[in-house]
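K.L.:
In the numbering used here, the protein residues as written are 6 to 220.
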Amino acid sequence: MPMRYVRQSKYFDYFYCLLLNLVRLLTITQMASLMPIGEAITVWQLYSRCSSAFVQIFLKHANAKGQQFNHCLTDLLMHADNEGHIRIENALTGKFICFNKRQRLAIRSDGMDDKCLFREQLTSSGYTMFQSAWKQNLFLGFNRKGKFQDPSQINTKRRCFLFIKLLREVKSTRLTSCSKSEKDDQTELDLESKRQRYLYDVVRESLLNRIRATA
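(1) Please classify SER186: is it buried, with 16 or more other beta-carbons within 10 angstroms of its beta-carbon, or exposed?
(2) For VAL60 and GLN50, I'd like the C-alpha separation in whole angstroms.
(3) For LYS15, name the three-state secondary structure that DSSP assigns.
(4) Could you tell me which residues DSSP puts in a beta bridge with ASP75?
(5) To the nearest whole angstrom, what separates the beta carbons of ASP80 and ALA67, a pair I think is in contact under 8 Å?
(6) Taking CB distances under 8 Å as the criterion, tell me whether SER53 reaches chain C.
(7) Where does the unbroken beta strand (DSSP E) through ASN95 begin, and where does it stop?
(8) Which same chain residues end up closer than 6 Å to THR219 when comparing Cβ atoms and leaving out the 5 residues on each side of it in sequence?
(9) Reducing DSSP to helix, strand and coil, say where LYS70 ends up.
(10) I'd like the span of the beta strand (DSSP E) that includes PHE63, first residue to last.
(11) In whole angstroms, what is the alpha-carbon distance linking LYS100 and CYS183?
(12) Nearest CA to the CA of TYR52: which residue from TRP139, LEU180, THR128 and LEU167?
(13) Look at the Cβ atom of PHE123, then the Cβ atom of GLN136, and state whether they are nearer than 8 Å.
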């Protein structure tokens, strides 16, 4: 591996770790308001604290058994509206995570139904919870095996409803294919290194402004 590539990797990893800790303090809606408008698209991954794996969508199913590098299944787009509602969409297939009438998970092509809307909640420890906008007693959750967790057990198995958000910037063209070349890797690394530094500075300044406002 070229030395320049190694240095860039270390540079990216450093600011990615800093950014990750800051992102845990902001909601997806707040992050969306800070993101610059450009060719790149923000994609998210949700790490389940209960299954120690990533939420993935494939065919007509969703679970929390995914691996971070399997972007075709685990890359998500978070669509936020002015009312604070969030729709969770697979970045490649366009499928949405929803609830059905039986209050179980369903994967749909149209995410505009109320059963596909969520509200994000941040816990005091920096984890994220997704509450259904359709019914307030429903939360998105997965058990230790990565399977759907019954929302009625949120009080006894709260850990299974907690997620860590990861984000990165990719070119919109990368969302149409799972394959990539070494040239694509280098281009993406260059882009991410610059944008992660920028995002870190923006998020840090936003948090400092919030602290100053309460001082």
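By construction, the Cβ of each residue, glycine as well, lies at the ideal position given by its N, Cα and C atoms.
P.N.:
For this structure:
(1) Its pLDDT being 49, under 50, SER186 is placed unreliably in this model, and the value from its coordinates should be taken loosely. The residue is exposed, with fewer than 16 neighbouring Cβ atoms inside 10 Å.
(2) 7 Å
(3) Residue placement at LYS15 is flagged as unreliable, the pLDDT there being 44, under the threshold of 50; the coordinate-derived value follows with that caveat. In the structure shown, LYS15 sits in a helix (DSSP, three-state: H, G or I).
(4) The question names Asp, yet the displayed sequence has Asn at residue 75. DSSP lists no partner for ASN75.
(5) Contact flag wrong, Cβ pair sits at about 13 Å.
(6) Although the question refers to chain C, the structure presented lacks it and comprises just one protein chain.
(7) 90 to 95
(8) none
(9) strand
(10) 58 to 63
(11) 16 Å
(12) LEU167
(13) yes
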